[in-house]
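These notes concern the structure reproduced below.
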Amino acid sequence: MQTFKSFEQVLYTVNDSTFEDIALRLFYKQAAGNKVYKDFIGYLGLEPTSIKSLDKIPFLPISFFKTHRIATGTWTSEILFTSSGTTGAVISQHAVPRLSFYLENARRNFELFFGPLTDYHILALLPSYLEREGSSLISMVDFFIKESGSPHGGFYLDNYDALLKKALELKDDNRKVLLFGVSFALLELAEKNQADLSHCLILETGGMKGRRKEITREELHEFLQARFMVKSILSEYGMTELMSQAYSLGNGQYSLPPWMKVVVRDINDPFKFEPNGKTGGINIIDLANIHSCAFIETQDLGKIAQNGYFEVLGRFDNSDIRGCNLLV
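This note's numbering puts the first residue of the sequence shown at 21, with every later residue one more than the last.
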């Protein structure tokens, strides 16, 4: 059976023609070496070796990350990523054997869509994530800021004036200004300030986290565009349980790196997949989840557009609110 290292090495060679083969090989490894996933498959009455195609692979409900350690093989975790949540809520935990693998994967992922980190000054407005430990988003953005090599990058807890001052100071710089912001903080920033940030890229990472009355992503983006004089708002779709991220370049439709795939399941039958254009539950294959489980059934609702991009439309009614989830 292939080693973890061999999967890491092949991860960035994945393309449309090789995805299924690599995904199936990873499935066999995880079905045998991940106790929780193995037991789950057994409860379904399935024999892993009988599964020969991508559409037959069972997806592990994401809620298992709240109650079990999801790990393939035996190893010691270097870091434990945890989800945000309301007081008293059970949070998800994702053990990661090497932080460096997560960070390098995040860098490759980001640069695939936006180009080299060294092209940017990165300003981060992520107060709710800075205030707790175990945030994968903070680890990623902190790494991005350092790797950009810019002396102007940094985090802003709630100092909106300093953030805007820095962004405006960099207006005529030869690097682009990228503002990473959690949704409720960007909304507060826009409500309190109107500024010409047309030279900036604004990337919202979701997360109202019960702090504000929920508004649609479209309403949020329209308000931010008007207040900051930008043509579009970028978005990131990521979660504690995944090693990779999807990005929207401004139209609410998300693109994936070659090592990820989204399928949409029927709302009432988790083993039936919907055609493009029809709303259902989002299932994600993240081949970078080598050491945990690459096949995740999320509690998000969405659809795959005819052009192959996917949209996030909300959450199942019986799902608890995830702090890093995008707006409904």
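We put the beta carbon where it would ideally sit given N, CA and C, even for glycine.
When the distance is taken between beta carbons, is Leu209 closer than 8 Å to Gly141? Along the sequence shown, read from residue 1 onward, the residue named residue 141 stands at position 121. Along the sequence shown, read from residue 1 onward, the residue named residue 209 stands at position 189. It is His, not Gly, that sits at residue 141 in the sequence shown. Going by C-beta atoms, His141 is not nearer than 8 Å to Leu209.
According to DSSP, is Ile142 helix, strand or coil? Counting from 1 along the sequence shown, the entry for residue 142 is found at position 122. Strand.
Alpha-carbon to alpha-carbon, Lys281 and Lys323: By 1-based counting over the sequence shown, the position of residue 323 is 303. By 1-based counting over the sequence shown, the position of residue 281 is 261. Cα to Cα, Lys323 sits roughly 13 Å from Lys281.
Classify Tyr329: buried if its beta carbon has 16 or more other beta carbons within 10 angstroms, exposed otherwise. Counted from its first residue, the sequence shown places residue 329 at position 309. Tyr329 is buried by the Cβ-count criterion.
With DSSP as the reference, identify every bridge partner of Glu331, one or two as the case may be. Within the sequence shown, the letter at position 311 stands for residue 331. According to DSSP, which records beta bridges pairwise, Glu331 is partnered with Lys323.
Which of the three DSSP states, helix, strand or coil, is assigned to Thr87? Working through the sequence shown from its first residue, we reach residue 87 at position 67. In the structure shown, Thr87 sits in a helix (DSSP, three-state: H, G or I).
Could you tell me if the beta carbon of Glu239 falls within a distance shorter than 7 Å of some heavy atom in the ligand NAP? No copy of the ligand NAP occurs in the structure displayed, which carries no ligand at all.
If you draw a straight line from the alpha carbon of Thr38 to that of Ser312, how long is it in whole angstroms? Walking along the sequence shown from the start, residue 38 turns up at place 18. Walking along the sequence shown from the start, residue 312 turns up at place 292. So the alpha carbons of these two residues sit roughly 21 Å apart.
Could you give the distance in angstroms between the alpha-carbon of Ile77 and the alpha-carbon of Ile111? Stepping through the sequence shown from its first residue, residue 77 is reached at position 57. Stepping through the sequence shown from its first residue, residue 111 is reached at position 91. Near 26 Å, if we compare the C-alpha coordinates of Ile111 and Ile77.
Would you mind stating whether Leu145 and Tyr176 have Cβ atoms separated by less than 8 Å? On the sequence shown, position 125 is the one that residue 145 refers to. On the sequence shown, position 156 is the one that residue 176 refers to. Their beta carbons are under 8 Å apart, which means Leu145 touches Tyr176 by this criterion.
Ile82: which of Asp306, Asn327, Leu333 sits nearest, CA to CA? Position 62 of the sequence shown holds residue 82. For Ile82, the nearest C-alpha among the options comes from Asp306.
Which same chain residues end up closer than 6 Å to Gly258 when comparing Cβ atoms and leaving out the 5 residues on each side of it in sequence? For this step, residue 258 is matched to residue 238 along the sequence shown. Cβ within range, chain order: Gln265.
Report, in whole angstroms, the separation of the C-beta atoms of Pro290 and Leu132, which I expect to be a contact under 8 Å. As a first step, residue 290 is located in the sequence shown; it is residue number 270 there, counting from the start. As a first step, residue 132 is located in the sequence shown; it is residue number 112 there, counting from the start. Between Leu132 and Pro290 the Cβ distance is about 30 Å, and since that is not below 8 Å, they are no contact.
Cβ-based burial, Lys49 [other Cβ within 10 Å; buried from 16]: In the sequence shown, residue 49 corresponds to position 29, counting from 1. Its Cβ being crowded by 16 or more others within 10 Å, Lys49 is buried.
C-beta contact flag for Phe163 and Ala126 at 8 Å: Taking the sequence shown and counting its residues from 1, the one referred to as residue 163 is at position 143. Taking the sequence shown and counting its residues from 1, the one referred to as residue 126 is at position 106. Yes, they are a contact pair.
Per DSSP, the bridge partner or partners of Ala266: For the purposes of this step, residue 266 is identified with residue 246 of the sequence shown, where counting begins at 1. Bridge partners of Ala266: Tyr257.
Assuming contact is defined by CB atoms lying nearer than 8 Å, are Leu199 and Leu143 in contact in what I supplied? Stepping through the sequence shown from its first residue, residue 199 is reached at position 179. Stepping through the sequence shown from its first residue, residue 143 is reached at position 123. Cβ distance < 8 Å, so Leu199 and Leu143 count as in contact.
Considering only residues of the same chain and omitting the five flanking positions on each side of Asn296, which have a CB-CB separation below 7 Å? Walking along the sequence shown from the start, residue 296 turns up at place 276. Cβ neighbours of Asn296 beyond the five flanking positions: Ile324, Ala325, Gln326.
Tell me the DSSP bridge mates of Gln214? Within the sequence shown, residue 214 is the residue found at index 194, counting from 1. None, per the DSSP bridge assignment.
Check whether Ile253 and Gln245 have beta carbons under 8 Å apart: Here residue 253 refers to the residue found at position 233 of the sequence shown. Here residue 245 refers to the residue found at position 225 of the sequence shown. Against a cut-off of 8 Å, the Cβ pair of Gln245 and Ile253 comes out as a contact.
C-beta atoms of Phe243 and Asp75 nearer than 8 Å: As a first step, residue 243 is located in the sequence shown; it is residue number 223 there, counting from the start. As a first step, residue 75 is located in the sequence shown; it is residue number 55 there, counting from the start. Cβ atoms of Phe243 and Asp75: not closer than 8 Å.
Residues near Lys186 in its chain [Cβ-Cβ closer than 7 Å; skip 5 each side]: Taking the sequence shown and counting its residues from 1, the one referred to as residue 186 is at position 166. The answer, listed in chain order, is Leu143, His172.
Decide if Trp95 is buried, meaning its Cβ has at least 16 other Cβ atoms within 10 Å, or exposed. Residue numbering aside, residue 95 sits at position 75 when the sequence shown is read from its first letter. By the neighbour-count rule (16 or more Cβ atoms within 10 Å), Trp95 is not buried but exposed.
Just to confirm my understanding: we take Asp139, look at its own chain, exclude 5 residues before and 5 after, and list those with CB closer than 7 Å. What are they? By one-based count along the sequence shown, residue 139 stands at place 119. Closer than 7 Å at the Cβ level, and outside the excluded window around Asp139, lie Arg195, Lys196.
Contact criterion: CB-CB distance below 8 Å. Does Gly174 meet it with respect to chain D? Structure shown: chain D not included; a single protein chain is present.
Going by DSSP, name the residue or residues bridged to Glu113. By 1-based counting over the sequence shown, the position of residue 113 is 93. According to the sequence provided, residue 113 is Gln. The question's Glu does not apply to it. In the DSSP output, where bridge partners are listed per residue, Gln113 has Thr102.
Three-state class that DSSP yields for Leu150 in the structure shown: The residue given as residue 150 occupies position 130 in the sequence shown. If DSSP states are grouped into helix, strand and coil, Leu150 belongs with the helices.
Going straight from the alpha carbon of Thr102 to that of Ile158, what length do you get? Within the sequence shown, numbered from 1, the residue matching residue 102 stands at position 82. Within the sequence shown, numbered from 1, the residue matching residue 158 stands at position 138. Approximately 11 Å between the Cα atoms of the pair.
If the criterion is Cβ atoms closer than 8 Å, does the pair Glu317 and Phe85 meet it? Taking the sequence shown and counting its residues from 1, one reaches residue 317 at position 297. Taking the sequence shown and counting its residues from 1, one reaches residue 85 at position 65. No; because the gap between Cβ atoms is not below 8 Å, this pair is not in contact.
To which residues of the same chain is Asp192 closer than 6 Å at the C-beta, ignoring the five residues directly before and after it? Residue numbering aside, residue 192 sits at position 172 when the sequence shown is read from its first letter. Counting only Cβ-Cβ distances below 6 Å, and skipping sequence neighbours, we find nothing.
Rounded to whole angstroms, what is the Cα-Cα separation between Thr33 and Pro136? Translated into the one-based positions of the sequence shown, residue 33 becomes position 13. Translated into the one-based positions of the sequence shown, residue 136 becomes position 116. Approximately 19 Å between the Cα atoms of the pair.
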